[in-house]
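Presented below is the structure to which this report refers.
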Amino acid sequence: MTLVDSNETRKKLSAIYNEIAKELFGFGTTLLRVTIENQMITFQAKHRRSPRSQALEGEAPALKLEVDFRMSLLYKKRLRERLEEEMGLPLEAVLRDYDAPTQWAITNVILAESELNT
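Going by the numbering used here, the sequence shown opens with residue 1240, and the numbers climb by one from there.
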């Protein structure tokens, strides 16, 4: 499948990203921007702060960091599965960085080499 950088493609990618956020956290993002360049899809997302996360931050900061890390791993796994299954995209890697204090997440999806000729 060829990934075309169009409004329709970016809307589909945004919908998948937000659906995963709703599944894992109970609500979607407050801001989401998707860019496609060469073999890279980038999601720039501002997430909502969970009340549970705020409670853990004050009472057990180390546990909150562990939970944030595990949730990020789960997010990457689900995103990979959905992009491969629903959009037929062969992925090389899913890289995600999340900044808990600001609630920003940057997710880069690198398409497999077979997608380079798009």
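For glycine and all other residues, C-beta sits at the position ideal for the given N, C-alpha and C.
Bear in mind the structure is a predicted one, so any value in this text is a computation, not a measurement.
- Taking 3 residues as the shortest admissible run, the region 1275-1301 contains the following complete beta strand (DSSP E) segments, listed from N- to C-terminal end: 1279-1285.
- Under the Cβ criterion (8 Å, minimum of three pairs), the region 1316-1335 counts as touching the region 1240-1259.
- In the DSSP assignment, A1351 falls outside any alpha helix (DSSP H), carrying neither H nor E.
- Under the 10 Å beta carbon count, I1345 is surrounded by fewer than 16 other beta carbons and is classified as exposed.
- Residue range L1330 to D1338 is occupied by the beta strand (DSSP E) that includes L1330.
- Boundaries of the alpha helix (DSSP H) harbouring L1263: N1246 to F1264, taken from the DSSP string.
- Distance check between G1265 and each of E1352, D1338, H1286 and F1282 places H1286 closest, using alpha-carbon atoms only.
- Rounded to whole angstroms, the separation of the alpha carbons of E1262 and R1319 is 15 Å.
- The C-alpha of A1351 lies about 35 Å from the C-alpha of L1302.
- Here the alpha carbons of K1315 and R1335 stand approximately 7 Å from one another.
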